[in-house]
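As structure tokens, the structure follows; a few thoughts come after it.
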Amino acid sequence: MDYVFFIFVPMIAALFVPLLFRLVKRIHTGWFVLAVPFVLFIIYAMLIPTSMEGFVIESSFSWIPSLGIEFYSYIDGLSLLFSLLITGIGSLVVLYSIYYLDQSKEKLGHFYVYLLLFMSAMLGVVQSDNVISLYLFWELTSISSFLLIGYWYTKDASRFGALKSMMITVFGGLMMLGGFAILSLAAGSYSIREMIANSSQVADHPLFILALLLILLGAFTKSAQFPFYIWLPDAMEAPTPVSAYLHSATMVKAGLYLVARFTPLFATSSVWIWIVTGIGLFTLFWGSFFAVKQTDLKAILAFSTVSQLGLIMSLLGASGMSVHSAEPIFAIAGFAAIFHLLNHATFKGSLFMIAGIVDHEAGTRDIRKLGGLMSIMPITFTVAAIGSFSMAGLPPFNGFLSKEMFLDAMLAIRHFELFQFDTWGILFPVIAWVASVFTFIYSFYFVFYTFVKKGDVEQLPASPKEPPFGMLISPIILAAFVVVIFFIPNKFSDWIIKPAVAALQPHLYAVPQDVTIKIQAWHGFDAPALWLTVGVVVIGFLMYKTLDKWQPYYGIQPSYLSLNRFYDAMMNFSEVGMNKISRAYMTGVTRTYFLYIFASFSIITLIAVFAKSAFAFDLSSVTPVSIFAILNAMILLLAISFVLLAKSRIAAFIALGASGYSIALFFVMFKAPDLALTQLVIETVSVALFLLAFQRLPQMNTHGETKQNKIVNGIIAAGVGITITLVALASHSTKLIPSISQYYKDTVDTLAGGGNIVNVILVDYRGFDTLFEIAVLSIAAIGVFTMIRLRLKGDHADENK
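Just so we're aligned, residue -9 is where the sequence shown starts under this note's numbering, counting upward by one.
And the structure:
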């Protein structure tokens, strides 16, 4: 089966969505869309047994064969895990959106087109082995997420959030493309597998570290790592189904996938391990610390997502230590990263949907206005509690298992003896523990302040109640996975985690069966992670209970000392500052624009010619100049002078025609009668058209021309003339390759069957070029004819009045 086709299935289905939305009014468009991710999920789920055996599914088709660029679907354990998340969570999001978005009020034809386009882009990212096609899909995720975040485009906040996310992620994507270019040159291939196979050769390249940094910029911007996380909270202006999809299982996970995929290549460098682990851990702390400050439910979840992404990123960085050490403890980091990536998709997806339900039913997401909803919305509260407790790392929920492995991995960093981790490594478990305390606080803050804290329900914008059961199905399914994974974690490990870990750490595991790590909820009283968790719960609970006393201290930070303010300043400069610069040279006068163009052309060309010693002067093969040519040149110069000095427009027209006829005479002297005839016809028609439009033309003016301006114009005109003369002489005197004219002379009769070389070139050798020129002229003629007809109709209408 050609699995590369399935990447484009959502994109193809998107073509029919607008038609279904317009024709089928009684059935919600989402029911038709739901079949796409659900069927794909079943197809990818059928590959699990193959992946468990360590086999890889490959398929491809050529895109640009001459450059070695192709769409290549490479499905190993890692890409299969992401494909299952993309299609599985995608199915639940579509189901949720059917009840969340009103068919009669929303433009669902647009919404589902954007969603399916994004789904295809994500599948392309995680399955591409070719870095060029990966980059294509990568930027497609930025464009489609821009459309999804800005779906409610009438809202200023939606447009701002969409633009902000695209500006930051596209910047990272361009940096990543530079890294890919360096890697492809170093490895001699666009294939990621071949780059990893030739890792020693690639690592010896002088630009290896630069490629590493550029690729990390792409990963960090997409996965909202510090300091690029600022786009993610503003992206919460998207509809809740979009937030649940983009920020739990797809877009923000693309950067994690990129780091995981390239870890076998870059983990040999201490720079990779330090940056990925350090930035990830700092992002974990930063996101968890500021999540407690937020008062909007989705904003809390946005900063919690930043925090959880940092946790996974730090684990991916620590997994690189297994390249340098055979200690089993360093292998756990990679396993924990994949495990928590799965767990985060389940509990965070459900929590985003819960936030949407509260907003949908209560009419607000402001946590200061909420409270007391537990008795009114018991099912919603139960699902929210399961997701929140899992996010806090409490048993019996899956987040507890991966959080314990995370703490074990951070503790192990202290014993890594390379790259000074044994000295500075003590900071890692400390930061991890402090961040876990704030994670506990914001998890409790989210669920208890919304549902348990006393609140005046009657003051809410809407009367809260349990939503339609259809809206609860998706979060309930995700919450069920949160619990089920805790009790049978090793089943899920065998099915999808171990194959992904084997792909992440190929230096340790040849096949998934080699991964012997077992997931356990209990490690005994002597397990350090257990006591760290106890400390998190105790300190976290005490700080939660006193939240009202210390939360106001967040207001001490001045608003101008923020990354958002820095971003706004940059955008303001680009909009206002660059606008001022543009207005300085965009005068609206065509003559000024030609001045810039000709001056730049002359200066740059002359500098290049003399800097590269490209000027040559050889007149040995130049045709002798006859007296007639000299006289004709003098006539041409005289005619051009009359054009410049003419005081009336009709005199300028006549002088311009004389210069054109002089050029025609040159063609006659050079034995090119066809060109001469063409020039004569064009000049005759041009002069005739000028005279026909004479009465309609405006009066001649100088546009404020001064004597000083005329001197500048004269200098530039002379510079252009000198430049063209020097380039022409250098081109004629320097023959690096044989002239193509000889080929035309030799083949004009034998291959083209013609006698006139000019006609043969235009009709045969440059046939398509001529055809397109004729097409352009035809379109222009139709446009002119249409404008004349419209003008005539307008005149007749005025006369009738």
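Each residue gets a CB set at the ideal place from its N, CA and C atoms; glycine is no exception.
Pull up the distance between the alpha-carbon of residue i and that of residue j, whole angstroms please.
i	j	result
residue 561	residue 103	30 Å
residue 643	residue 651	12 Å
residue 123	residue 51	11 Å
residue 430	residue 483	26 Å
residue 187	residue 174	13 Å
residue 792	residue 745	Past the edges of the chain, shown from -9 to 791, lies residue 792, and the structure says nothing about it.
residue 244	residue 455	36 Å
residue -7	residue 133	24 Å
residue 39	residue 67	11 Å
residue 223	residue 492	34 Å
residue 89	residue 776	50 Å
residue 711	residue 666	23 Å
residue 568	residue 579	20 Å
residue 686	residue 679	11 Å
residue 16	residue 774	47 Å
residue 810	residue 613	No statement about residue 810 is possible, as the shown extent of the chain runs from -9 to 791 and does not include it.
residue 767	residue 676	15 Å
residue 200	residue 169	7 Å
residue 259	residue 202	9 Å
residue 205	residue 160	13 Å
residue 646	residue 600	34 Å
residue 736	residue 211	58 Å
Looking at residue i: is its Cβ nearer than 8 Å to the Cβ of residue j?
i	j	result
residue 553	residue 220	yes
residue 310	residue 248	no
residue 110	residue -3	yes
residue 100	residue 254	no
residue 408	residue 314	yes
residue 364	residue 433	no
residue 742	residue 750	yes
residue 239	residue 79	yes
residue 1	residue 131	no
residue 341	residue 389	no
residue 105	residue 138	yes
residue 151	residue 129	no
residue 398	residue 322	yes
residue 77	residue 141	no
residue 622	residue 656	yes
residue 215	residue 268	no
Thinking C-alpha only, which one of the options is nearest residue i?
i	options	result
residue 603	531, 750, 717	717
residue 682	632, 639, 575	639
residue 337	191, 172, 210, 291	291
residue 707	754, 662, 631, 751	631
residue 366	422, 426, 421, 446	446
residue 318	280, 372, 499, 154	499
residue 546	580, 257, 283	283
residue 307	381, 289, 396	396
residue 464	684, 53, 81, 15	81
residue 714	449, 117, 593, 364	593
residue 494	766, 72, 2, 411	72
residue 69	584, 48, 623, 471	48
Just mark residue i as buried or exposed, buried being the case when its beta carbon has 16 or more other beta carbons within 10 Å.
i	result
residue 86	buried
residue 518	exposed
residue 505	buried
residue 469	buried
residue 555	exposed
residue 543	exposed
residue 436	buried
residue 235	buried
residue 478	exposed
residue 797	With the chain covering -9 to 791 only, the question about residue 797 has no answer from this structure.
residue 486	buried
residue 521	exposed
residue 30	buried
residue 513	exposed
For the segment 594 to 612 and the segment 722 to 737, state whether three or more C-beta atom pairs, one from each stretch, are separated by less than 8 Å.
In short, these stretches touch, since the Cβ pair count reaches three.
Would the segment 216 to 232 and the segment 330 to 337 be scored as touching if the rule is three or more Cβ pairs under 8 Å?
Using a Cβ-Cβ distance cut-off of 8 Å, the segment 216 to 232 and the segment 330 to 337 are not in contact, since fewer than three pairs of beta carbons, one from each stretch, lie closer than that value.
Can we say the segment 506 to 522 touches the segment 477 to 492, given the rule of at least three CB pairs closer than 8 Å?
Judged by Cβ distances under 8 Å, the segment 506 to 522 makes contact with the segment 477 to 492, as three or more pairs qualify.
Can you find at least 3 beta carbon pairs, one from the segment 290 to 297 and one from the segment 260 to 279, that sit closer than 8 Å?
Yes, the segment 290 to 297 touches the segment 260 to 279.
Between the segment 419 to 427 and the segment 354 to 373, do three or more beta carbon pairs fall short of 8 Å?
The answer is no - the segment 354 to 373 does not touch the segment 419 to 427, with fewer than three Cβ pairs under 8 Å.
Should the segment 184 to 198 be regarded as contacting the segment 512 to 529, the criterion being three or more beta carbon pairs within less than 8 Å?
The answer is no - the segment 512 to 529 does not touch the segment 184 to 198, with fewer than three Cβ pairs under 8 Å.
Inter-stretch contact (C-beta, 8 Å, three-pair minimum) for the segment 534 to 543 and the segment 407 to 420
No, the segment 534 to 543 does not touch the segment 407 to 420.
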